[in-house]
Each structure stands twice: as C-alpha cells, then as structure tokens.
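Peer 1: 6 is the number that the numbering used here gives to position 2 of the sequence shown; each next residue is one higher, with no gaps. Using N, Cα and C, we set each Cβ at its ideal position, and we do this for glycine too. Okay, here's the structure, questions in a sec.
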Amino acid sequence: MEKEVLNFEEAAEFLKISTKTFNQILKDEDIPARKIGREWRFSKHALLDWLGRGSSKDYFKNQTISRFEETRKGKTENLISHAKEILDTISREKSITIENRKFDFPDNVEMEVKIKKRSDTIKFELEFEWQTDEKGENENEE
Numbered sequence: 005m006e007k008e009v010l011n012f013e014e015a016a017e018f019l020k021i022s023t024k025t026f027n028q029i030l031k032d033e034d035i036p037a038r039k040i041g042r043e044w045r046f047s048k049h050a051l052l053d054w055l056g057r058g059s060s061k062d063y064f065k066n067q068t069i070s071r072f073e074e075t076r077k078g079k080t081e082n083l084i085s086h087a088k089e090i091l092d093t094i095s096r097e098k099s100i101t102i103e104n105r106k107f108d109f110p111d112n113v114e115m116e117v118k119i120k121k122r123s124d125t126i127k128f129e130l131e132f133e134w135q136t137d138e139k140g141e142n143e144n145e146e
C-alpha cells in the first residue's frame, strides 16, 4: 500500500526538490501541512492539489526582476578594477546608473558572481535580482 502521509524529507522527495528549497517554500507559500509536535506531516493528495492550483503568472505578476549587463574587454587588472568600482558605488550609494538607467538597490537584493574561463577568455558576471511590489518601482529613468 502506498503511503498517503509524508514527513518533511519524503514530501521534498515527492516534489522532486531539495529539502532546503522545500523549507523555503514552506516558509514563503501557503502549502498544506500540519506540524505535529516537532514533525511536519503532508498529505500526498493535498500536495498534488496545491501544486495543481499554482500558476506561474501568480508568481511573476508582483515581481520585477531588474537586470543590467555591461560587456568590456581589456586587461584583467583593469576589468577587476572596474568591477570593484561598480561594487563600491552600489555599496556606497545603493544605486548605479548604466546607459542612462538608474537602478536603486533595495535591502533584499540577491547577488550572484560568476567567473567563467573558456580557452583564452575569462568572463566575469555580476547579477543582481530583487522583487518589488509594484512593477518598475526600482527602475527610474534619468
């Protein structure tokens, strides 16, 4: 007989996600669950129903992802110096202007740094992402 009630780890596995991601979903979403003592319990049927009721439009309708990209070529030390200037400006002013667009950085900014090496090319990427309540709230034209 197939199990109908799952513990935390089993529910994460059932949804094919990591326990770390599942824990974040549990905090952020209205997921059907019961905490009995110190343990979480989940109904397989309720999880499938919850998953089926979701819509990607609901997730993105109140989210603005602000991104900018700048490509430069040059000597490594010059590129590192330029990246440092960008980060120093963001840290100091909580904003940056790229191609006449001002990006104001709220407190909930997440940053990802990527350094990629392919043959004789090194690519250095800074990616910033944040959510806002209103579309365009953090993007101001100058």
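1) So, is Leu10 buried or exposed, given that buried needs 16 or more other C-beta atoms within 10 angstroms?
2) Output the boundary residues of the beta strand (DSSP E) element that contains Glu14.
3) Do the region 50 to 57 and the region 74 to 94 touch if we need at least three Cβ pairs shorter than 8 Å?
4) List the endpoints of the continuous alpha helix (DSSP H) containing Asn57.
5) I need the straight-line Cα distance from Ser22 to Glu13, nearest angstrom please.
6) Which two residues bound the contiguous beta strand (DSSP E) that contains Lys120?
7) So, for Glu43: in the same chain, excluding its five sequence neighbours on each side, which residues have a beta-carbon less than 8 Å away from its beta-carbon?
8) What are the boundary residues of the alpha helix (DSSP H) that Ile90 is part of?
9) Here's a check: name, in chain order, each residue in its chain whose Cβ is nearer than 8 Å to the Cβ of Leu51, leaving out the five neighbours to either side.
10) Does the Cβ-Cβ distance between Met115 and Glu103 come in under 8 Å?
11) Between the Cα of Phe26 and those of Arg45, Gly41 and Glu8, spot the shortest distance and give me the residue it belongs to.
12) Can you tell me the Cα-Cα spacing of Lys127 and Met5, whole angstroms?
13) Is the Cβ-Cβ distance between Glu8 and Lys39 less than 8 Å?
Peer 2: Looking at the coordinates:
1) Looking at its Cβ environment, which holds 16 or more other Cβ atoms inside 10 Å, Leu10 is buried.
2) Taken as a continuous stretch (DSSP letters only), Glu14 belongs to no beta strand (DSSP E), being part of the alpha helix (DSSP H) at Phe12 to Phe18.
3) Here the region 50 to 57 does not lie against the region 74 to 94, with fewer than 3 beta-carbon pairs under 8 Å apart.
4) Per the sequence presented here, residue 57 reads as Arg, with Asn not at that position. It spans Lys48 to Arg57 - the alpha helix (DSSP H) in which Arg57 sits, taken as one unbroken run.
5) 9 Å
6) Glu114 to Arg122
7) Asn11 and Phe12
8) Thr80 to Glu97
9) Leu10, Ala15, Phe18, Leu19, Ile35 and Pro36
10) Against a cut-off of 8 Å, the Cβ pair of Glu103 and Met115 comes out as no contact.
11) Arg45
12) Just so you know, the alpha carbons of Lys127 and Met5 end up roughly 53 Å apart.
13) No, the pair does not count as a contact, with Cβ atoms beyond the cut-off.
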